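First up is the structure itself, then whatever we jot down about it.
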Amino acid sequence: MSSDTTVSTATAREGEFYRSLVTRRQLILAALTLALGLSLCVDLALGPARYGLGEVITALLTPDNVSPSVKVILWEIRMPVALMALVVGASLSIAGAQMQTILSNPLASPFTLGISAGASFGAALALAFGVSLVPAAVDYIIPINAFVMAMLTAGAIHLLSMRRGVTIETIVLLGIAMVFIFNSLMALIQFFASQQAVSAVVFWTMGSLTKATWPKLWIALGVLAFILPLLARRGWALTAMRLGDAKAESLGINPRALRLEVLVLVSLLAAISVAFVGTIGFIGLVGPHIARLLLGEDQRFFLPGSALCGALILSVGSVLSKIILPGTIIPIGIITSLVGIPFFLFLVLSHKKASW
Amino acid sequence: MVTLTLDRLSAHYGRRQILSEITTPTFAGGQIVSLLGPNAAGKSTLFRRILGLLKGGGEVRIEGTTRERPVAYMPQETGSSAVLTVYESVLLARMQGRSLKVQPDDLHEVDRSLNDLGIASLGERDISDLSGGQRQLVSAAQALVQAPEILLLDEPTSALDLHRQISLLGILRRLAREREMLIIASLHDIGHALRFTDQAMVLESGQLVACGTTEQVVTPTLLRHVFQVDARIEPCSMGRPQLIVEAAV
């Protein structure tokens, strides 16, 4: 189809194109990391007592060179909250990215598959009636209830999806059915619960980083650190899943097995996050879409890109939640949706190429 | 040189038998074999059975290779909404089962596949932006990039214009010879099978009804009974056999 001359020219040009593509993506990842570092510093600096960025950086690098009160405020009070924003943002975004990948559906996320709704129901049982689904320390009844319900929801989807003849469209429909079931159950709880309990349930479902503590942070970080390499190792196979099941099979991948395995892993990520900070629906849907616009869907870049985008959105959301109404920290779930969605729409509508 | 023999091969979906007792002579590398048959004859199923994607009786014997995965397969479905360039989509077909780090050899193989099929200029394009024919060529490159010893192609020319159909089949025949690769391609155009393939297998309702050199297999009688057309085969001005279809039966 081509003459020898055009062939040799094309080869040189293609090699060059691939190298420049990789370099461009590495630069984007580096820029996202830098922005994340900056956002973390600003998040730490803001609060009832405000600090300069220089002071924050000094406190981070050489904690002994700042006053004990600054050290306590930054390291003991603000740091777990600021880092939780990064870990939860990254976890939810990765969960959404992989759900969208394995289900080939741009609307898939922990929120749309009912995992967040299940977690909210579990938390509401504890908040409204003091029901503990498994024996747990008082401090952990709410997150453990949320976690158990989220995993039960994911388990139900897994079991149903293993039935013969179940397609990926059926899995998405099952998730949507779960959302409606749990929304009805939540309404039922709110109908029977006291006014005070209803307020607590409503506040929990808004999602708030202020629930973060160092032990919760370590648990969420540990789960993320455990799951991230497992997903990264399957990078080529996960990328191939976006070419369709027939193509994936032709490349030696078992799509059903991979789908189930990844669904279990990302359900765990989402369940832990929602259990600790409440429902933050926007990140899992939009973080991956922004990463896809910036980096494409090669998982070697898409996976870290999704993590960074999710972490950055939630960290910036945390900053905004402190400055929109001075003296008040608005629940993060409200901020991410109110500020993030217009930004996301701007990105999608202004982008020349289709993002799905 | 790699060889492939099918011995009493069967396949079923649930209780429905799709292929029954397919037995072929040994096909050797360096040849191109056409898999012919009307719609729903079991051609795609036979490919999936050879790959081990379907269970069933009988045996697929592959000899003369030390490779773990000597077979590459190009399925019919080629559409995807993935945000990947053509170059990336071919690279990822090469990299399955390998480490995340791309080696110069891998890039060389991607370039070679794209060049072989004359689609190097598409490398930077997003796969979702391609026409049906371009997607089909990219799908063929994804199979070729695995440097297979046996290449199974499910209707590789169905979305291509006439020029590209002829070009692709010519390229595949050349590659089969040069790389001692065995290519089996399902084709609906029997004229192409006559012109480009060395041997032919004909399936009807899941059974192998004819197998041998293409010129021996494709006869007016077979065309009438299996494909339900009245046709004759005559040499063209260059002496090659040419199919002339007169009417549907």
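Residue numbers (the numbering used here), protein chains in the order written: chain A, 17 to 372; chain B, 1177 to 1425. Don't be surprised by glycine CBs; every beta carbon is placed ideally from N, CA and C. This structure is a prediction, so every number in the text was calculated from the model and none was measured.
Within 10 angstroms of the beta-carbon of residue 220 of chain A lie 16 or more other beta-carbons, which makes it buried. A residue is called buried when at least 16 other Cβ atoms come within 10 angstroms of its Cβ; residue 1392 of chain B does not meet this threshold and is exposed. Here the alpha carbon of residue 317 of chain A sits roughly 13 Å from the alpha carbon of residue 49 of chain A. The beta carbon of residue 252 of chain A is closer than 8 Å to those of 315 in its chain, skipping five residues each way along the sequence. Buried is the label assigned to residue 1318 of chain B, since at least 16 other Cβ atoms lie within 10 Å of its Cβ. Chain-order list of chain B residues neighbouring residue 360 of chain A: empty, with the shortest C-beta distance near 16 Å, by a criterion of under 9 Å.
One alpha carbon belongs to residue 74 of chain A, the other to residue 98 of chain A, and they sit about 17 Å apart.
Secondary structure at residue 1388 of chain B: strand, using DSSP grouped into helix, strand and coil. Setting aside the 5 residues that flank it on each side, residue 1202 of chain B is surrounded in the same chain by 1179 and 1181, each with a C-beta closer than 6 Å to its C-beta; the list follows chain order.
With a contact defined as Cβ atoms closer than 8 Å, residue 1232 of chain B and residue 1243 of chain B miss out at about 24 Å.
In the DSSP assignment, residue 282 of chain A falls within the alpha helix (DSSP H) that extends over 271-293. Under the three-state reduction of DSSP output, residue 1358 of chain B falls in the strand class. The beta carbon of residue 353 of chain A lies closer than 8 Å to those of 297 and 298 in the same chain, with the five residues before and after it left out. Residue pairing from DSSP places residue 1239 of chain B in a beta bridge opposite B:1179. Put simply, of B:1326, B:1362, B:1278 and B:1367 the residue whose alpha carbon is nearest the alpha carbon of residue 1338 of chain B is B:1367. Sorting B:1412, B:1259, B:1329 and B:1385 by C-alpha distance to the C-alpha of residue 1214 of chain B places B:1385 at the top. Between residue 275 of chain A and chain B, the shortest Cβ-Cβ separation is not below 8 Å.
Annotation: residue 187 of chain A has no Cβ neighbours in chain B at a cutoff of 8 Å; minimum Cβ distance is about 18 Å.
Considering only beta carbons, the part of the region 1260-1280 of chain B lying closer than 8 Å to chain A consists of 1260, 1261, 1263, 1264, 1265, 1267, 1268, 1269, 1271, 1272, 1273, 1274 and 1276, in chain order.
Under the rule that a run must span 3 or more residues, the beta strand (DSSP E) segments found entirely inside the region 1193-1224 of chain B read 1208-1212.
As summarised for the region 1242-1314 of chain B, the continuous alpha helix (DSSP H) elements at least 4 residues long and confined to that stretch are 1262-1271 and 1280-1292, given in chain order. Not flagged as an interface residue toward chain A: residue 1246 of chain B, since no C-beta distance is shorter than 8 Å.
Membership of residue 1375 of chain B in the beta strand (DSSP E) is indicated by the continuous run 1375-1380. Under a 10 Å Cβ-count criterion, residue 1177 of chain B is classified as exposed, with fewer than 16 other Cβ atoms of the shown protein chains found around its own Cβ. Under the criterion of beta carbons closer than 8 Å, residue 1212 of chain B and residue 1369 of chain B qualify as touching, at roughly 6 Å. Counting the other CB atoms within 10 Å of its CB gives residue 141 of chain A a total of 16 or more, which places it among the buried residues. Put simply, the CB of residue 1334 of chain B is far from chain A, with every gap to its CB atoms at 8 Å or more.
In chain order, 236 and 239 place their CB closer than 6 Å to the CB of residue 288 of chain A, counting only its own chain and leaving out the 5 sequence neighbours on each side. For residue 32 of chain A, the secondary structure class from DSSP, reduced to helix, strand or coil, is helix. The Cβ atoms of residue 1230 of chain B and residue 1241 of chain B lie no closer than 8 Å to each other. Annotation: the continuous alpha helix (DSSP H) that includes residue 160 of chain A extends over 157-177.
Taking residue 1398 of chain B as the centre and dropping the five residues before and after it, the same chain places the C-beta of 1378, 1385 and 1386 closer than 8 Å to its C-beta, in chain order.
A contact between stretches requires three or more CB pairs, one per stretch, nearer than 8 Å, and the region 1253-1263 of chain B meets this requirement with the region 1299-1316 of chain B. Interface residue (Cβ-Cβ distance to chain B less than 8 Å): residue 258 of chain A is classified as such. The Cβ atoms of residue 335 of chain A and residue 80 of chain A lie no closer than 8 Å to each other. With contacts defined as CB atoms closer than 8 Å, residue 144 of chain A and residue 283 of chain A fail to qualify as a contacting pair.
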